[in-house]
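A.B. asks: Protein chains in written order, with numbering that gives the first Met the number 0: chain A, 0 to 128; chain B, 0 to 128. C-beta atoms are modelled at their ideal positions from N, C-alpha and C, and glycine is treated no differently.
Number of protein chains: 2
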Amino acid sequence: MIRHRGERITSGRIHILAMLLSERRAVTHHEIEKRLKDKHRFDRVTLYRVLDWLNEKGFVHRLVSADRVWRFRANIHEHSQQHAHFECLRCTKVVCLDDFETAHDFGLPEGYRSREVELTVKGLCAECV
Amino acid sequence: MIRHRGERITSGRIHILAMLLSERRAVTHHEIEKRLKDKHRFDRVTLYRVLDWLNEKGFVHRLVSADRVWRFRANIHEHSQQHAHFECLRCTKVVCLDDFETAHDFGLPEGYRSREVELTVKGLCAECV
DNA sequence: ATAGTAAACGCAACTGTGTTGCAAATCCAT
DNA sequence: ATGGATTTGCAACACAGTTGCGTTTACTAT
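(1) Are the region 106-125 of chain B and the region 111-118 of chain A in contact at 8 Å, needing three or more beta carbon pairs?
(2) Check whether the region 17-29 of chain B and the region 85-95 of chain B touch, using three or more Cβ-Cβ pairs below 8 Å as the test.
(3) In whole angstroms, what separates the C-alpha of Glu86(B) from that of Thr119(B)?
(4) Does the distance between the C-beta of His28(B) and the nearest non-hydrogen atom of the ligand ADP fall short of 8 Å?
(5) Is there contact here, the region 40-60 of chain A with the region 10-20 of chain A, by at least three beta-carbon pairs under 8 Å?
(6) By the 7 Å beta-carbon criterion, what residues does the region 112-128 of chain B contribute toward chain A?
(7) Quick check: Val59(A) and Arg67(A), are their CB atoms within less than 9 Å of each other?
(8) Residues in its own chain within less than 7 Å of Ile31(A) by CB, not counting five upstream and five downstream?
(9) Give me the Cβ distance between Gly11(A) and Val63(A), rounded to the nearest whole Å; I'm assuming they're in contact under 8 Å.
(10) Using a beta-carbon distance cut-off of less than 9 Å, what residues from the region 25-52 of chain B approach chain A?
(11) How far does the beta strand (DSSP E) with His82(B) in it reach, from first residue to last?
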């Protein structure tokens, strides 16, 4: 995937992107570190840099939830300007809701320009209900 | 307002709530500190605690934006479970959009329960266009 | 294959937000 | 006014994320 776009390949990028692709939730850097610790041990900084890079290149997207921690998720629909996420109020898990459509007219003030829309639904996930 | 609800009054709570009520944006603790520095100087911790308290008591609400900083805003419509915010991608200003209605069915997974909905529109504000 | 170069990595040190423990100050009911 | 609970300020801390820099790695040109 990465080579196909003519980008530089490193083992970090491969493992991290593969892990994110296999995961349907948005995950924190801790979760990534933990899941990859047998395969490859990364410095925290490297992890952040790889994730930023993946984000910049459009392979993943990044979101911040109520605990103020970045979470990352592989992009399924590229170039999508709409994201919807569910945050569990109890276990803080974040799930991406891929299929949503919004009414687009949310009374923006005069002169304001919308570029991206993010919808966050907070509640309880199936395990925490 | 605070007394009316039978809650304890302190000068911090008064000044901070008054400031938030007079402001139509969601503001960071820095902005609050700056705006109040002639009237009253607070310790950072006190500010956070007052803001948490105001949030718990439902006088204000709290949101985290892309810079991972809490922002606070006085509640206009109490008990509202829907918030909409606009974030400027250039100046990171946050404005609350009070009038929005959502289509309510965002395909939550089986067993998930929605309790709060937050819509964030990212783009450029009038000054940054 | 090999050498050279640009990019990526690891380490250490740093920044900034937000939190905790505790003693001193303040609020408010009596 | 006074006593007891609540708030405040200070110092120290926790943790996510960042920066600088010297070393290593990936790719390119030979």
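C.D. replies: With the given structure in hand:
(1) yes
(2) yes
(3) 7 Å
(4) Ligands in the displayed structure: none, and consequently the ligand ADP is not present.
(5) yes
(6) Arg112, Ser113, Arg114, Glu115, Val116, Glu117, Leu118, Thr119, Val120, Lys121, Gly122, Leu123, Cys124, Ala125, Val128
(7) no
(8) Ile15, Met18, Leu46
(9) That pair is no contact at about 23 Å.
(10) none
(11) 81-87
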